[in-house]
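In what follows, a structure is listed as structure tokens, so that the remarks can point back to it.
Number of protein chains: 2
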Amino acid sequence: MASDHTRSAILAAAERLYADRGFGDVTLRDIVAEANVNLAAVNYHFGSKDELIAELFVTRSLATNRERLNELKAAEEAGGGRASIEAIMHALVGPTLRGCLGPDREGSTAARFMIRASIESVPPIRRIKNREVDHLRKFVAAMRRSLPGRDDAELYWGLHFALAMSHHTIREKERLTKLSEGQCDLNDVNAIVERVVAVSVMALTGGEPAKKAPARSMVPPYGRLTRQDI
Amino acid sequence: MASDHTRSAILAAAERLYADRGFGDVTLRDIVAEANVNLAAVNYHFGSKDELIAELFVTRSLATNRERLNELKAAEEAGGGRASIEAIMHALVGPTLRGCLGPDREGSTAARFMIRASIESVPPIRRIKNREVDHLRKFVAAMRRSLPGRDDAELYWGLHFALAMSHHTIREKERLTKLSEGQCDLNDVNAIVERVVAVSVMALTGGEPAKKAPARSMVPPYGRLTRQDI
DNA sequence: GATAGTTTCATACACACGTTTGAAATGCAA
DNA sequence: TTGCATTTCAAACGTGTGTATGAAACTATC
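Protein sequences appear in the order of chains A and B. Per our numbering, the first sequence starts with residue 59, numbered consecutively. Per our numbering, the second sequence starts with residue 59, numbered consecutively.
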């Protein structure tokens with residue numbers, strides 16, 4: 059193990075370069091040059107380039123997920139096991155938006171790295187994102203408690219749209235600024251979070267009160283898989 | 059010019075392969091093998107790999123944009139120069155969603171190609187997407203006519219969220235299916251369009267009627283750029 | 001049917017990339 | 001110090017890539 063100096067120098071340099079120039083434009087040689095480290099050190103410490111990228115991404119996204127769940131748990135405890143749908147949506151999109159657009163994080167390498175990861179979607183990152191399903195299921199469960207009787211599909215659509223708005227805002231931040239000629243304030247992160255939450259809640263509660271739903275029963279929908287993946 | 063047979067065989071093969079396996083995994087050699095054509099033909103007919111990709115994408119996205127504007131124009135003419143906000147949002151997201159998720163298009167190469175383009179975002183495609191701003195401005199203009207007095211920033215946010223929901227639905231179609239264990243029906247495209255339109259309209263009209271707005275004036279915000287790009 | 005222009009073809013180039021190698025250097029316990 | 005494990009290093013490997021080349025095949029015009 060020793061000092062781990064080389065290992066962390068590589069991680070820091072890689073995150074910085076990927077954040078600045080994207081995954082497509084940065085080679086291992088760029089990274090080791092930035093880190094003042096030998097080329098072979100990457101394979102020695104991480105095994106491969108993809109595993110290096112995976113470690114970077116997994117570290118950051120675990121932190122975000124932890125933050126999300128903490129906020130959710132706090133909201134549910136404060137509400138006696140049932141959080142308001144606003145609080146749930148806030149816990150879902152707040153950490154991500156704050157992490158990527160946040161104030162002091164303006165120049166944060168981590169934030170810019172996560173934006174890149176959200177835009178470019180390179181294979182090792184995609185693999186990790188696909189394991190995020192059961193993390194999201196915890197939010198669906200909370201939503202179900204918060205809005206009992208609501209059709210499950212409606213909950214999924216609401217969650218889906220909430221993620222759509224927050225991810226797309228991160229991803230297209232610059233395009234929106236240009237399109238709106240600066241009229242959309244992308245610096246006030248709290249305002250953005252509130253905006254996304256407001257629309258998400260409207261999507262979940264504003265429209266149809268129960269939709270079709272011919273006697274919604276408790277049985278799971280036919281022979282669908284109940285678990286089995288990841 | 060001659061028969062153009064080689065040229066179109068390359069285009070077809072490239073679109074098919076990119077649609078199936080993504081941009082990262084398909085080489086020129088794969089394409090010419092699929093097209094039964096010589097390797098050098100790509101550079102002869104298109105100049106470079108990037109120009110081939112650009113031509114593929116530009117063709118498809120011009121078609122979508124044309125469809126969008128036709129629908130918008132029809133809606134405005136039917137309303138005497140002012141379309142309903144529902145109709146405008148419908149014209150904005152309908153063609154894209156139909157094009158990528160649409161019924162008979164289920165196995166459509168073009169649709170799957172556009173989904174890939176939406177997910178992977180390779181440089182030549184990104185370059186083209188950045189020129190899409192003034193196309194979107196036409197929708198902002200229509201929205202302004204439809205909702206006069208509404209703060210411009212609100213219109214931009216509404217447009218932004220509409221695009222967020224439609225693109226994210228295309229992009230994460232499979233993840234949503236898995237997450238919801240099939241409970242979200244991604245085959246009924248019209249229902250999806252209506253859903254996205256409904257939430258977009260709520261985002262634009264449901265919330266605050268005028269927000270803060272301390273005497274909104276007509277002057278542009280300080281020294282911001284008014285035109286000059288694109 | 002010769003000629004000029006276009007298109008196809010096999011082949012090679014040049015190079016950037018991730019990875020491997022094997023030896024040198026370093027750290028650490030006995 | 002000796003011996004062993006860990007870490008660093010310079011150099012090379014092997015391969016896959018987009019692109020270039022120059023000759024051959026084809027097409028159309030006169």
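Don't be surprised by glycine CBs; every beta carbon is placed ideally from N, CA and C.
- No Cβ-Cβ contact shorter than 8 Å links residue 130 of chain A with residue 250 of chain A.
- Within the same chain, 143 and 205 come within 8 Å of residue 263 of chain B by CB-CB distance, once the 5 residues on both sides are set aside.
- Residue-level contact check: residue 178 of chain A touches chain B, since one or more beta carbons of chain B fall below 8 Å from its beta carbon.
- A Cβ-Cβ distance of about 17 Å is found for the pair residue 120 of chain A and residue 72 of chain A, leaving them out of contact under the 8 Å criterion.
- The DSSP-derived three-state label of residue 242 of chain B is coil.
- Interface criterion met: the Cβ of residue 227 of chain A is under 8 Å from a Cβ in chain B.
- Residue environment: residue 226 of chain B is assigned as buried (16 or more neighbouring CB atoms within 10 Å of its CB, all protein chains considered).
- Of the candidates B:194, B:223 and B:235, B:223 places its Cα closest to the Cα of residue 252 of chain B.
- Secondary structure note for residue 105 of chain A: it is in no alpha helix (DSSP H), with a DSSP letter that is neither H nor E.
- In the three-state DSSP reduction, residue 152 of chain A falls in the helix class (H, G or I).
- As summarised for the stretch 163-251 of chain A, there are no continuous beta strand (DSSP E) elements at least 3 residues long confined to that stretch.
- Closest option to residue 248 of chain B, judged by alpha-carbon separation, among B:201, B:209 and B:153: B:153.
- Around the beta carbon of residue 135 of chain B, fewer than 16 other beta carbons lie within 10 angstroms, which makes this residue exposed.
- Per DSSP, residue 62 of chain B lies in no alpha helix (DSSP H) segment and is marked neither H nor E.
- Between the beta-carbon of residue 158 of chain B and that of residue 169 of chain B there is about 5 Å, and that keeps the pair under the 8 Å contact cut.
- Contact annotation: the stretch 174-186 of chain B does not touch the stretch 211-222 of chain A, with fewer than three C-beta pairs closer than 8 Å.
- Burial state of residue 98 of chain A is exposed, judged by a 10 Å Cβ sphere holding fewer than 16 other Cβ atoms.
- Each of A:191, A:76 and A:220 was checked against the Cα of residue 92 of chain A, and the nearest Cα belongs to A:76.
- For the pair residue 109 of chain A and residue 182 of chain A, the Cα-to-Cα distance works out to about 7 Å.
- If you check the CB distance, residue 254 of chain B and residue 151 of chain B come in under 8 Å.
- C-alpha of residue 128 of chain A to C-alpha of residue 202 of chain A: approximately 18 Å in a straight line.
- Residue 157 of chain A has a beta carbon lying at 8 Å or more from every beta carbon in chain B.
- Around the beta carbon of residue 199 of chain B, fewer than 16 other beta carbons lie within 10 angstroms, which makes this residue exposed.
- Counting only residues of its own chain and dropping the five nearest sequence neighbours on each side, residue 196 of chain B has a CB closer than 8 Å to the CB of 127 and 130.
- Shown here, residue 141 of chain A sits in coil according to DSSP, grouped into three states, outside any helix or strand.
- Against chain B, the CB of residue 221 of chain A has a partner CB under 8 Å away; the residue lies at that interface.
- Going by DSSP, residue 86 of chain B is part of the alpha helix (DSSP H) stretching over 86-93.
- With respect to residue 244 of chain B, residue 237 of chain B sits apart: the two C-beta atoms are not nearer than 8 Å.
- Setting aside the 5 residues that flank it on each side, residue 68 of chain B is surrounded in the same chain by 89, 90, 93, 95, 99, 100, 103, 104 and 110, each with a C-beta closer than 8 Å to its C-beta; the list follows chain order.
- When rounded, the separation of the alpha-carbon atoms in residue 64 of chain A and residue 229 of chain B is 38 Å.
- Around the beta carbon of residue 180 of chain A, 16 or more other beta carbons lie within 10 angstroms, which makes this residue buried.
- Chain-ordered listing is empty here: chain A has no CB closer than 7 Å to the CB of residue 62 of chain B, the nearest sitting near 32 Å.
- Taking 8 Å as the threshold, the shortest C-beta distance from residue 261 of chain A to chain B falls below it.
- The Cβ neighbour count for residue 208 of chain A, taken over all protein chains shown within 10 Å, is at least 16; the residue is labelled buried.
- Closer than 8 Å at the C-beta level to chain A, one finds no residue of the stretch 92-116 of chain B.
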